[in-house]
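Reminder that position 32 of the sequence shown reads as 32 in UniProt numbering, one-by-one numbering, no gaps. Note that the Cβ used here is the ideal one computed from N, Cα and C, for glycine as well. Just so it is clear, the structure is predicted and the values come from calculations on it, not from any experiment. Presented below is the structure to which this report refers.
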Amino acid sequence: MPQVDVLNPLDFTLSPPQFDKIPHDVLIPDLPLFPHLPPLLSGHPDLHLRNGILAADSSPASHDPDSERAFFVADLSQVYRQHLRWQSCLPQIQPFYAVKCNPDPYVLRLLAALGTGFDCASNGEISQVLDIGPVDPARIIFANPCKAVSFVRNAAKMGVDMMTFDNADELYKIARAHPRAKLVVRILTDDTKSLCQLGIKFGAPLATVPGLLAKAKELSLTVVGVSFHVGSGCYDPSVYTDAIMRARAAFDMGTDAGYRFSLLDVGGGFEDALFEQAASCLTDAIDTYFPDQSGMKILAEPGRFYVSKAFSLATNIIARRAPLGETPAGSSDQPSVMYYINDGVYGAFNCILFDHQTVHPYVLSMGGSFHVPATEPLHTSSVWGPTCDSIDCVCPTTQLPRALRVGDWLGFDNMGAYTMCAASQFNGFQVSKVLYTLGGFKASEVWGVLAKFAAEHV
């Protein structure tokens, strides 16, 4: 992934609109849609990044001992934008949002209001979805091929019937705990073109599928279709063609076993930058291998596609120091300054360890100003998290202005996927809080969707 410039060519470090172009007298109303959730604000997320920093910088330590706490700004309008994009490119495929990616309460409510389904992997995730209101359990797929018996039994109790399997032991468990389940056989596909390869853990090789279907028949279980996953963060959309071809073969095996499959789950892995290309490959492959789609339901399990760009993170520089050891004279590729910020790999940046992500900081404020000239000298730096563990490195090397000091703020974009969901409180550090806003994109529509959902689910 190429290094993102710290200073953009418009003389400021923030993505347009820059802070100086945001009206300073914007009235941010408190919109109490859900009384037990934080207030939903309005306005561009950059405005709330600025206001959050101003509030932190002006708060006396005696009043708030954690006034400079890191915080997210979540733009729900961006989630809505991605949903419209999905509907435009893949209208024939119903998205079942991967809850594991980001189970944020506002995100779940917005997607439920928009009619998406939900991909859940545990009792906890199923409960999170059902607790937001009377969501039809038929809108949930229990997409974990290896479940505890108690989880299967609880799914039956909650009315969640659709679930995946990829081994015979799972069939025996389901036959005992949820014999009325609607099963989906998860097959193994090529996931070598993805950041997170799931095939080492899940997916039945095609050669084993006939035996699994025969066992399901023997146990009087209902198998309704086929699922696959090309891996999370797929960077080669052409792999969908091979996956659909394998799914077609599995459908034919189902026919041979006496089943009439009616469901195809194409999994996740949708990368934002390649989405239109992936949608085209997927549509062409489905039309080729499934020319007759009458009576057939096609679903997918997107996660990061919906939320990655919707969340930005503001972090405070809490310390700086010279690096340990001596830097060779004239060396410009080694960090000359170590910056310590108040979130790290045990918090929101766990995505670096678990999701193979590379993050790039940019300056939000420096010396109390939101204006950083592009001529500001840069130097090679490293960025570290706040814990006492040396693994807590956010950026081993990056270019940052020489004038950065303790108390300045760094921002990180695209922080909505696999960040908060796995954050811990290791060393006693709190997880970063979230501010919610409706940005400029169709904000009134998003407000209307959420308001209607809130009124119907009081």
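Asked, Found
"Apply the 10 Å Cβ neighbour rule to K157 and answer buried if 16 or more other Cβ atoms are within range, or exposed otherwise.", "exposed"
"Determine the contact status of R77 and L438, defining contact as a CB-CB distance below 8 Å.", "Residue 77 is actually Ser in this sequence, not Arg. Their beta carbons are under 8 Å apart, which means S77 touches L438 by this criterion."
"I need the DSSP call for Q425, collapsed to helix, strand or coil.", "coil"
"Would you mind stating whether A243 and P95 have Cβ atoms separated by less than 8 Å?", "no"
"So, with DSSP's three-state summary, where would you put M158?", "helix"
"Does the separation of the CB atoms of F228 and A207 fall below 8 Å?", "no"
"In terms of alpha-carbon separation, which member of N123, V226, G407, T192 lies closest to S365?", "G407"
"Within its chain, find whatever has a CB closer than 6 Å to the CB of L353; leave out the 5 residues flanking it on each side and keep chain order.", "V345"
"Expressed to the nearest angstrom, what Euclidean distance is found between the alpha-carbon atoms of F270 and Y97?", "12 Å"
"Only counting the same chain, and skipping five residues up and downstream in sequence, which positions put a Cβ closer than 6 Å to that of W409?", "I53, A314, N316, L364, S365"
"For the segment 31-46 against the segment 269-287, do three or more pairs of beta-carbon atoms, one drawn from each stretch, fall closer than 8 Å, so that the two count as touching?", "no"
"Using three-state DSSP, classify Q94 as helix, strand or coil.", "strand"
"CA-CA distance, I132 and H457?", "8 Å"
"Would you please state the rounded distance, in angstroms, between the beta carbons of V239 and D190? I believe it to be under 8 Å.", "5 Å"
"Where does the unbroken alpha helix (DSSP H) through S382 begin, and where does it stop?", "It is not in any alpha helix (DSSP H) - S382 instead sits in the beta strand (DSSP E) that spans 378-384."
"Work out the CA separation of L41 and G203 for me, nearest whole Å.", "43 Å"
"Provide the residue(s) that pair with F142 in DSSP beta bridges, ordered along the chain.", "C120, M163"
"Beta carbon of A175, beta carbon of A214: below 8 Å?", "no"
"Can you round the beta-carbon distance between F142 and V129 to whole angstroms, since I take them to be within the 8 Å contact cut?", "Actually they are not in contact, since the Cβ atoms of F142 and V129 sit about 11 Å apart, beyond 8 Å."
"Looking at chain C, is there any beta carbon in it that lies within less than 8 Å of the beta carbon of S59?", "This model lacks chain C altogether, as it is built from one protein chain only."
"Starting from the N-terminal side, write out each stretch of the alpha helix (DSSP H) that is 4 residues or longer and does not extend beyond the segment 279-344.", "304-307"
"Could you check which residue in V184, Y340, A403, E376 has the C-alpha nearest to that of G367?", "A403"
"Have a look at L108, D75, V185 and flag the residue whose alpha-carbon is nearest the alpha-carbon of T222.", "V185"
"Distance, Cα to Cα, D265 vs C388?", "43 Å"
"Measure the alpha-carbon distance for A341 versus D272 and round it to whole angstroms.", "Inspection of the sequence shows that residue 341 is occupied by Ile rather than by Ala. About 28 Å."
"If you pair each beta-carbon of the segment 100-116 with each one of the segment 423-433, do three or more pairs fall below 8 Å?", "no"
"Give the secondary structure of V406 by DSSP, where H, G and I count as helix, E and B as strand, and everything else as coil.", "coil"
"From the DSSP output, which residues share a beta bridge with R186?", "S227"
"CB R50 to CB S432, shorter than 8 Å?", "no"
"Assign K309 to buried or exposed, taking buried as 16 or more other Cβ atoms, counted over all protein chains shown, within 10 Å of its Cβ.", "buried"
"Rounded to whole angstroms, what's the CA-CA distance from N123 to S369? Just pull it up for me.", "47 Å"
"Between which two residues does the beta strand (DSSP E) carrying C395 extend?", "393-401"
"For D75, count neighbouring C-beta atoms within 10 Å of its own C-beta (all shown protein chains included) and say buried if the count is 16 or more, exposed if not.", "buried"
"If you follow the alpha helix (DSSP H) that V79 is part of, which residue opens it and which one closes it?", "76-89"
"Alpha carbon to alpha carbon, how far is N167 from T358?", "35 Å"
"Determine the burial state of residue 469: buried for a count of at least 16 other Cβ atoms within 10 Å of its Cβ, exposed for fewer.", "Shown here, the chain extends from 1 to 458; a query on residue 469 therefore has no answer."
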